[in-house]
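In the numbering used here, the protein residues as written are 8 to 132. Glycine included, every Cβ here is placed at the ideal spot set by N, Cα and C. None of the values given here were measured: they were computed from a predicted structure. So the structure is just underneath, and the comments pick up after that.
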Amino acid sequence: MENKPEITISRSDVAEIEYQITQQGLPEELTSALEDEISRATLVANNALPKDVVAIGSQVTFKVLETNNVFTKTLCLPTDINKYEDAISIFAPIGSAIIGLRVGQRINWQVQRANQTVEIISVAQ
């Protein structure tokens, strides 16, 4: 079994995610990985979330280690996808993989044909 890094998520982000899941009737294939991440997270108050932790609304720079490609994206709810030029939904596979990670942490996530590893380079709130 793969060891996943410790993650921290704000209670308000969890509430927003759960609201989206119930109100939008999102399919299980979009929500199951995210629910797994939430279930293993340390939950904290919004004001206790460290500034270097990926949260909804964070602009995150990350590197895909297998390709050395670096991306900067803003993690958001599906309802806010049009608000950001660089948006990535919390329900996208990479979105659910990076929530709660700190700068310097890595996680493997499943893409269509293989696993890839992503490393968080920077986080701006």
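Taking 7 Å as the cut-off, the Cβ atoms of V130 and V61 count as close.
Approximately 12 Å separates the beta-carbon atoms of V125 and A99; this is outside 8 Å, ruling out the contact. Secondary structure within the region 19–85: the beta strand (DSSP E) runs of 3 or more consecutive residues, fully enclosed, are 49–51, 66–71, 76–83 (chain order). With fewer than 16 other CB atoms across the displayed protein chains lying within 10 angstroms of its CB, S39 is exposed. DSSP links V125 through a beta bridge to V71, I114. Residue pairing for R109: DSSP places it in a beta bridge opposite V60. A131 has Q66 as its beta-bridge partners, per DSSP. In the assembly as shown, E44 is a buried residue. Its beta-carbon has 16 or more other beta-carbons within 10 Å.
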